[in-house]
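Just so it is clear: in the sequence shown, position 9 is 8 by numbering that gives the first Met the number 0, and no numbers are missing. Worksheet: one structure, shown below.
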Amino acid sequence: MTNLEIKEQIDRNNKLIKEVMNPSEFTLNNTVAELLAENRRLQSMCNHNFVEGFCEYCYMIKPEDK
């Protein structure tokens, strides 16, 4: 999977997370948990290119900036 494909999938996942999140509820539903886990998996596959402390593809925070 290329960095661009990783970015596109993470963007799709984040869009879905926004759609299913209900601001009046404070519980994490299974769909959101699964999408967040997939985002973490995709981040681990990314060949990061950090710009201003964030990977431009997977949005990971640069390790020394955490």
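The beta-carbon is built from N, C-alpha and C at its ideal position, and this holds for glycine as well.
Measuring C-alpha to C-alpha distances from Lys-17 to each of Met-59, Leu-34 and Glu-63 identifies Leu-34 as the nearest. Counting only residues of its own chain and dropping the five nearest sequence neighbours on each side, Met-0 has a CB closer than 7 Å to the CB of Met-44. A distance below 7 Å between beta-carbons, with the five flanking residues on each side excluded, links Ile-5 to the following residues of its chain, in chain order: Leu-41, Met-44, Cys-45, Tyr-56 and Cys-57. Residue burial annotation: Asn-29 is exposed, with fewer than 16 other C-beta atoms found within 10 angstroms of its C-beta. It is roughly 32 Å from the alpha-carbon of Lys-61 to the alpha-carbon of Ser-23. Contact check for Ile-9 and Asn-38: beta-carbon distance about 5 Å, within the 8 Å limit, so the pair qualifies.
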